[in-house]
Structure formats: C-alpha cells, structure tokens
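Using mature numbering (1 follows the signal peptide of the UniProt record, and there is no 0), the letters of the sequence shown map in sequence onto residues -24 to -1, 1 to 80. Heads up, the beta-carbon is just placed ideally off N, CA and C, and yes, glycines get one too.
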Amino acid sequence: MRPLLFTLFSGFAALLVAALPAAAEGPACGTRAEIVRQLENRYAESRHGMGIASNDSVLEIFASEASGTFSVLVTLPSGQTCLIASGNDYQSLAEPLPAQGKGA
C-alpha cells in the first residue's frame, strides 16, 4: 500500500506545485528548517513519511499522533520548502493491495 500511497501523494504534490503561482494567497513557503521547527513547536508534528516526486521535489508528511494534525511539505529542487496541505484526523494506514484484477 505504501508504494500506491506514495505514488498518489507524489502526483498530488506535483499538481499542487505546478499550480502554486495560480493560488490566490499562495502556500506558506520558507526554509525547510524554519517550517519544520514551527510544525514541531506549534503542533508537535514529526515526520511520518517522505519520498521523491517525479519533478525531483521532496514530499514529506508530518503528523502528530497525539492531536491528529498533519501537514504536507514539498521542498523544490531550488531548496524552497512550501506547506501545501494541512488538516486534522491523521491516521497511519498499512492496508494490503487488493488482489490483482479486483477493484477496491
């Protein structure tokens, strides 16, 4: 399931990164160190997953199991890090893939 989720998150991240200039307010961007520090201090979130997206960006998922909050960061090849999504009710899943040829 992890490869499927990673592929879905990577595709989602690539779409969001491609749409960044079109956003009205734009995402919260800055140095990775500062954004991670804020996630740790304000929300007690730590990194739960990461991967390399097709556009060579690094996608990271931060979450707090205590509060259920989560944040999705993308670090672009330029080094700029942007918070592209956040929310509540984070759940860590490890579901098996369906049998080949069968729907979900």
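Query, Result
"I need the DSSP call for Leu52, collapsed to helix, strand or coil.", "coil"
"DSSP puts Ser22 in a beta bridge; with which residues?", "Ala39"
"Assign Ile28 to one of two classes, buried (16 or more other C-beta atoms within 10 Å of its C-beta) or exposed (fewer than that).", "exposed"
"Quick check: what's the CA-CA separation for Ala42 versus Ser22?", "11 Å"
"Provide the residue(s) that pair with Leu59 in DSSP beta bridges, ordered along the chain.", "Ala4 and Leu49"
"Is the Cβ of Val48 closer than 9 Å to any Cβ of chain C?", "No chain C appears in the structure shown, which is made up of a single protein chain."
"Taking buried to mean at least 16 other C-beta atoms within 10 Å of its own C-beta, is Ser30 buried or exposed?", "exposed"
"Report the partner residues of Gly27 according to the DSSP bridge assignment.", "Leu35"
"Distance, Cα to Cα, Tyr66 vs Phe46?", "6 Å"
"Would you mind sorting Ala(-7) into buried or exposed? The rule is 16 or more other CB atoms within 10 Å of its CB.", "Only weak support is given to the placement of Ala(-7): the predicted model assigns it a pLDDT of 44, under 50, and the value that follows is read from those uncertain coordinates. By the neighbour-count rule (16 or more Cβ atoms within 10 Å), Ala(-7) is not buried but exposed."
"Taking His24 and Ala39 to be in contact with their CB atoms under 8 Å, please state how far apart those CB atoms are, rounded to whole angstroms.", "5 Å"
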